[in-house]
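Colleague: Okay, here's the structure, questions in a sec.
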Amino acid sequence: MSGDHRNPDYQVNSGSKTNDSHKHKDKHKDKEHRHKDHKKDKEREKAKHSISEHREGRDSEKKLRDKEKEKLKHSNGSSDKHREKQKEKRRDEKVKPIHIDKPKRENENGYAREKSPPPIKSEPDDNGFDPSPKQKPTKRERDDEEFDCKPKKVKKEDEKKAKKRRQDYDDEEEEEDIKPKKKTRVKKGMEGKKPKKEEEEKWKWWEEERATDGSKWRFLEHKGPVFALPYEPLPLHVRFFCDGKQIKLSTPAEEVATFFAKMLDHEYTTKDIFRKNFFKDWRKEMTPEEKSKITDLNKCNFNEMSEHFKAQSEARKQMSKDEKLKIKEENERILQEYGFCLMDNHKERIGNFRIEPPGLFRGRGDHPKMGMLKRRIRPEDIIINCSKDSKHPKPPAGTRWKELRHDNKVTWLVSWTENIQGSIKYIMLNPSSRIKGEKDWQKYETARRLKKCVERLRAQYRDDWKSKEMRIRQRAVALYFIDKLALRAGNEKEEGETADTVGCCSLRVEHINLYPKMDDQEYVVEFDFLGKDSIRYYNKIPVEKRAFKNLQLFLENKQPEDDLFDRLNTSILNKHLQELMDGLTAKVFRTYNASITLQQQLKALTSPDDNLPGKILSYNRANRAVAVLCNHQRAPPKTFEKSMQNLQTKIDDKQKQLATSRKQLKTAKADHKASHDEKSKKAVDTKRKTVQRIEEQLMNLQMQATDREENKQIALGTSKLNYLDPRISVAWCKKWEISIEKVYNKTQREKFAWAIDMAEDDFEF
DNA sequence: GTTAGTACTTAGTAGGCCGCTT
DNA sequence: AAGCGGCCTACTAAGTACTAAC
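If you use our numbering, the first sequence corresponds to residues 1 to 765, in order.
Okay, here's the thing in C-alpha cells:
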C-alpha cells in the first residue's frame, strides 16, 4: 500500500494536457517578474502556469496581485521582525482543545482521495533481495551494513589490477567511441575479445569492502585545478564610450565591462538590481579617474564591445575543421592531465576540475545579488586536499596555494571560497566514481528501509495530528506534506542573501489557501510558492480532514508573511525522523516516493503486447509521473513547436503512404481473386507486409509525438539521475529484454554501472 | 535551540557536438 | 558542405544535512 496515495493518472496525463495552454497564457503575467526575467523564462512561466491550471482549474488573477503586494511589503525588511514577534508570542501557547470531527471514511491508506484511479498495488514486504539487515547503533556502521557487498577480491589482487589499469589506461578509456586506431589495436591485441575485456577491466567497486572508520579514502593524488584563462585586453579599435566620450579603460575595469557587454542581449541586464549591483562592483575596479568620469551606467555605451564578442563567436563558428580539431585535442590533453586523479589505486574521473571563471553573478529567480562581480580565483584562494605521501599538485609558477591539507574524512580535492555568498566551492569526483557511487547506492538503500516502515510512520503522524502539543501537530502535518506531495524539507535561509524561496518547513501563510469545499471536493489545500531555483509549485489537493483542521488552526492569528509551521524547522523534523528510523531525513521521502512511484507505474503501464517504442513510451510515462510528483520542470525547448510540426508532417506523410499502400493491397487482392495465380498471391503477401510495416512506422511516429508532447515542460533528467533507484530501470529492461541503452545514455550508464551490474530482472525496490 | 560553517546532493540551462538531411 | 535539430555535457546555483560552539 505504500506510496500509492497519489493519482498516477493525473501525473501521467498532466503533460499531455498542456497543449491548450495558450488559452491561459496571460493570466499570471503580473507575477512573472518575481522570479524570471529573460524571454525564455517568460515562455516557461506561461507554460508552468498552464500546467498548474490544468491540474486544478482556474486561478484568480486578483489573488496573485494581492500576493504580489504582500511580497513587496515583505521585502522591505520589517516583516521578518514581525514574524519573529509572532513566533515569540505564540511560543508558550498550548494548543487549544479543538473540536475535530470524526473522520469521514477515508481510503484504506488513510489518504482521502477523490477522482483517483484505482491505486496501484505495491508490495511492501521483503523479497529476499534487500541486503539491509538490522540496525546498528552508529551511523557509519549502519551504512556499511546496508550493503550486501561481500568482498569478492582480496586486496592484493585489487592492487595488482589497479596497477595494470594505470598502465593499460589508454585501452580502457573511452571504450565506447571506438576510434579507428583503437579498433586496430584492439584487433591486434586481443582478437576481437573486446567486449569481454571491457567488462573485466571496469573496476567493480561495489564488490569490494568499504571503509568503516569514516575515512573516504586512503590515498589521493591529483594535479590540482585548471585556472580560468587570464584576461586578454581588447584590441584598440574596440572602444568604450561614456556620455558620448570615448574612454580607454584600465585593464581591470575593462575586464569587468566586458562581462557586462557579453550579457547585453539578456533581459536581466535591464533589471534595476542587476545594474545597480554590477555598477557598484564595477566601480570598485576603476581607477580614480575612471570613477570620476563614469558615474552613470545608463550613459555607458558597450556596443562596440558587444559587437566585438559577437563577431568573435561568429568567427569561432566559422573556424576550419583543422582549427576546431586542434582545440578539441588541446581540451582532451587538459582533460587527460587534470581530469583524473588517483584514489586508492584507481584512476577516477574528476567532475569539475576547472575553476569557475570570473563573471557577473546571475542567480536564479529574483536574486538580490544578481549582477555582482564574481571575482577571479587565484592560487592563493585555493585549498588543496590530497594524501601526504602523494605527489602534491604544484601551484602555477610564482604563486602558492592558500593551504595544503590532508583530510581523508572528506571527498573533495580542491576548494575555495566564493565571494558572492561566501560559500565554499569544491572540486569533487565524477558521479561514476566509487566515492559517489557508494553514496548513491546507500541513498537508495535508506529509501528501501523507509519502504519497510513507511506505513508505521504514516500511522504515527496521523496520530500526532491529535497531539496536545502544537509543535507535534505541526511536525506531523509537515511530514504529511513531505510524504504526500514530495515537498523538500525547507531549510531556513538568510533573508536578502538569496531569492525568496521556500520548502515545506519554511512555508508561510501566504503560500497556502484552504478551501473547506471546492467543487466536488472537500478540504482542499491550494499551494502556491516558489521552491528551489524559484520554480513555482502550484497544486490544489484534497487532504485528510484532520490535517485540514490543523492547518486552519496553524493559520489562526497569523499574517500572510508568518511561518505556517512556526514551531518547526528542518532540524527539529530531522531529529524526529532520526528517532523513527535510523538514517531517516526529510529528503529520503522524496527518494522513496519517487522510486516507488516509478516501480508502480512501470508495473501498471507496461503491457507485454507493446512493441519496443510502446514500452519506451510507458517507461517515459512512468518517469514522467515521478517528474511531475517532484515538480521537475523545464523551459519548453525553443524549437518545440517547430519540431512538433515537423513530426506531424512526417506523420501526415506516413498516413498518406499508408493509404496508398492499402489501396494497392486492395487492388492486389482483387487481382488475386480474379486470377488466382501464384504471382498475384505473392503480390498480395508483399503488399500486406508493406502495409503492416507502414502501420507500425506510423504508430511509432505517433508514439514519439505523444511522448514529446507530454514532455514539453517536464524534465525527466533530474529524477532519473537523482531520485530513481537505477536498479528498478535495469530490472525493467531485463524483464522486457530491452537494451539498457534505450533508457540510459552513456553518462548515465557510467553513473549507474553498479546497478546495471548487480540488478536482475526480479529486483524489487 | 540557535547560529555559523562545512560538505555534499540536487537543479535547470546554455551551448557544444554530432548525426542527419538537403 | 552547410544547415538543422536534438541530445548531451559542463557548468554552477541552490538546495539538504550535519556538526560544533555558544
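Glycine included, each C-beta is placed from N, C-alpha and C at the ideal position.
From the DSSP secondary-structure annotation, give me the bridge partner or partners of Lys374.
Modeller: As a first step, residue 374 must be located in the first sequence, where it is residue number 374. Answer is Gly359, bridged to Lys374.
Colleague: Mapping DSSP to helix, strand and coil, what is Gln599?
Modeller: Numbered from its first residue, the first sequence carries residue 599 at position 599. DSSP places Gln599 in helix when its eight states are reduced to three.
Colleague: Tell me which residues share the same chain as Ile334 and place their Cβ nearer than 8 Å to its Cβ, disregarding the 5 neighbours each side in the sequence.
Modeller: Locating residue 334 in the first sequence gives position 334, where the first residue counts as 1. Same-chain partners within the cutoff: Val226.
Colleague: Might you give, ordered along the chain, the residues of its own chain that have their beta carbon closer than 7 Å to the beta carbon of Tyr537, omitting 5 neighbours on each side?
Modeller: In the first sequence, residue 537 corresponds to position 537, counting from 1. Around Tyr537: Phe527, Phe529, Gly531, Asn631.
Colleague: Where does Ser79 land, buried or exposed, given buried means 16+ other C-beta within 10 angstroms?
Modeller: Translated into the one-based positions of the first sequence, residue 79 becomes position 79. Note that Ser79 scores 40 on pLDDT, short of 50, meaning its location in the model is unreliable and no value can be drawn from it.
Colleague: Rank Lys391, Arg475, Lys374, Ile435 by C-alpha distance to the C-alpha of Lys425 and give the top, closest one.
Modeller: One-based indexing of the first sequence puts residue 425 at position 425. Checking every option, the nearest Cα to that of Lys425 belongs to Lys374.
Colleague: Give me the Cα-Cα distance between Tyr444 and Lys720, rounded to the nearest whole angstrom.
Modeller: The residue you call residue 444 lines up with position 444 of the first sequence. The residue you call residue 720 lines up with position 720 of the first sequence. Approximately 13 Å, taken between the alpha carbons.
Colleague: Could you have a look at Glu750 and say whether DSSP puts it in helix, strand or coil?
Modeller: Taking the first sequence and counting its residues from 1, the one referred to as residue 750 is at position 750. Of the three classes helix, strand and coil, the one that applies to Glu750 here is helix, per DSSP.
Colleague: Does the beta-carbon distance from Asn430 to Gly351 come in below 8 Å?
Modeller: For the purposes of this step, residue 430 is taken as residue 430 along the first sequence, with counting starting at 1. For the purposes of this step, residue 351 is taken as residue 351 along the first sequence, with counting starting at 1. Yes.
Colleague: What is the DSSP secondary structure of Tyr744, counted as helix, strand or coil?
Modeller: Within the first sequence, residue 744 is the residue found at index 744, counting from 1. It is coil, neither helix nor strand.
Colleague: Sorted by chain position, which residues of the same chain lie with C-beta nearer than 7 Å to Ile382's C-beta, five sequence neighbours on each side aside?
Modeller: Residue 382 sits at position 382 when you count from the first residue of the first sequence. Around Ile382: Pro225, Trp401, Lys402, Val414, Trp416.
Colleague: Between the segment 245-254 and the segment 283-292, do three or more beta carbon pairs fall short of 8 Å?
Modeller: Because the criterion of three Cβ pairs below 8 Å is met, the segment 245-254 and the segment 283-292 touch.
Colleague: Are the segment 653-663 and the segment 691-707 touching, with three or more C-beta to C-beta distances below 8 Å?
Modeller: The segment 653-663, when compared against the segment 691-707, does touch it at the 8 Å Cβ threshold.
Colleague: Do you know how far the Cα of Lys466 is from the Cα of Pro516?
Modeller: For the purposes of this step, residue 516 is taken as residue 516 along the first sequence, with counting starting at 1. For the purposes of this step, residue 466 is taken as residue 466 along the first sequence, with counting starting at 1. Rounded to whole angstroms, Pro516 to Lys466 spans 19 Å at the Cα level.
Colleague: Using the Cα positions of Met305 and Glu380, report the straight-line distance between them to the nearest angstrom.
Modeller: Residue mapping note: residue 305 aligns to position 305 of the first sequence, counting from 1. Residue mapping note: residue 380 aligns to position 380 of the first sequence, counting from 1. Straight-line Cα distance between these residues: approximately 31 Å.
Colleague: With a 10 Å radius around its C-beta and 16 neighbouring C-beta atoms as the bar for buried, classify Ala670 as buried or exposed.
Modeller: On the first sequence, position 670 is the one that residue 670 refers to. By the neighbour-count rule (16 or more Cβ atoms within 10 Å), Ala670 is not buried but exposed.
Colleague: Which residues in the same chain have their Cβ closer than 8 Å to the Cβ of Met581, if we skip the five residues on either side of it in sequence?
Modeller: Taking the first residue of the first sequence as 1, we reach residue 581 at position 581. Excluding sequence neighbours, Met581 sits near Arg449, Leu450, Cys453, Leu457.
Colleague: Using C-beta distances below 6 Å, list every residue in its chain close to Thr411, excluding the 5 sequence neighbours before and after it, in chain order.
Modeller: Here residue 411 corresponds to residue number 411 of the first sequence, with the count starting at 1. Contacts found: Lys216, Met428, Ile435.
Colleague: Pull the bridge partners of Ile518 from the DSSP assignment, please.
Modeller: In the first sequence, the residue the question calls residue 518 occupies position 518. Looking at the sequence itself, residue 518 is Met, so the reference to Ile does not match. Met518 is bridged to Gln521.
Colleague: From Ser292 to Arg239, what distance separates their C-alpha atoms?
Modeller: For this step, residue 292 is matched to residue 292 along the first sequence. For this step, residue 239 is matched to residue 239 along the first sequence. Their backbone Cα atoms lie some 19 Å apart in a straight line.
Colleague: Pull up the distance between the alpha-carbon of Ile355 and that of Gln312, whole angstroms please.
Modeller: For the purposes of this step, residue 355 is taken as the residue at position 355 of the first sequence. For the purposes of this step, residue 312 is taken as the residue at position 312 of the first sequence. Whole-angstrom Cα-Cα distance: 23 Å.
Colleague: For Tyr461, which residues in the same chain have their Cβ closer than 7 Å to its Cβ, ignoring the five residues on either side in sequence?
Modeller: As a first step, residue 461 must be located in the first sequence, where it is residue number 461. Around Tyr461: Ala476, Leu479, Tyr480.
Colleague: Starting from the Cα of Glu709, find the closest Cα among Leu264, Lys615, Gln648 and give me that residue.
Modeller: To locate residue 709, count along the first sequence from 1; it is residue 709. It is Gln648 whose Cα lies nearest to the Cα of Glu709.
Colleague: Measure the C-alpha to C-alpha separation of Asn593 and Ala486 and round it to an integer number of angstroms.
Modeller: Taking the first sequence and counting its residues from 1, one reaches residue 593 at position 593. Taking the first sequence and counting its residues from 1, one reaches residue 486 at position 486. The straight-line gap from Cα to Cα measures roughly 7 Å.
Colleague: May I have a chain-ordered list of the alpha helix (DSSP H) segments no shorter than 4 residues that lie completely inside the segment 533-574?
Modeller: Fully enclosed alpha helix (DSSP H) runs of 4 or longer: 545-555.
Colleague: With DSSP collapsed to three states, give me the class of Phe309.
Modeller: Here residue 309 refers to the residue found at position 309 of the first sequence. Helix, per DSSP.
Colleague: Alpha helix (DSSP H) containing Leu647: first to last residue?
Modeller: Here residue 647 refers to the residue found at position 647 when the first sequence is read from its first residue. From DSSP, the alpha helix (DSSP H) with Leu647 extends over 640-675.
Colleague: What does a CB cutoff of less than 6 Å around Asn776 pick up in its chain, not counting 5 residues either side in sequence?
Modeller: Absent from the structure is residue 776, since the part of the chain shown begins at 1 and ends at 765.
Colleague: Just the C-alpha distance for Asn623 and Val524, rounded to the nearest angstrom, thanks.
Modeller: Within the first sequence, numbered from 1, the residue matching residue 623 stands at position 623. Within the first sequence, numbered from 1, the residue matching residue 524 stands at position 524. Taking the straight line joining both Cα atoms gives about 27 Å.
Colleague: What did DSSP end up calling Phe240 once you bin it into helix, strand or coil?
Modeller: Within the first sequence, residue 240 is the residue found at index 240, counting from 1. Of the three classes helix, strand and coil, the one that applies to Phe240 here is coil, per DSSP.
Colleague: So what does DSSP say about Thr787, is it helix, strand or coil?
Modeller: Nothing about residue 787 can be read from this structure; the chain reaches only from 1 to 765.
Colleague: Take Arg210 as the anchor and find which of Val628, Asp344, Asn298 has the nearest alpha-carbon.
Modeller: For the purposes of this step, residue 210 is identified with residue 210 of the first sequence, where counting begins at 1. Nearest of Val628, Asp344, Asn298 to Arg210, Cα basis: Asp344.
Colleague: Relative to the C-alpha of Glu764, which residue among Ala753, Val730, Tyr744, Glu737 is closest?
Modeller: Counting from one through the first sequence, the residue named residue 764 turns up at place 764. With distances taken between Cα atoms, Glu764 lies closest to Val730.
Colleague: Would you report the Cα separation of Ser320 and Glu330, rounded to the nearest angstrom?
Modeller: Indexing the first sequence from 1 puts residue 320 at position 320. Indexing the first sequence from 1 puts residue 330 at position 330. Their Cα atoms are separated by approximately 16 Å.
Colleague: Mind the definition here: the segment 745-753 touches the segment 638-648 only if three or more C-beta pairs lie below 8 Å; say whether that holds.
Modeller: They do not touch, by the three-pair rule.
Colleague: Are the CB atoms of Ala715 and Arg590 within a distance shorter than 8 Å?
Modeller: Numbered from 1 along the first sequence, position 590 holds the residue referred to as residue 590. Numbered from 1 along the first sequence, position 715 holds the residue referred to as residue 715. No. Outside cutoff.
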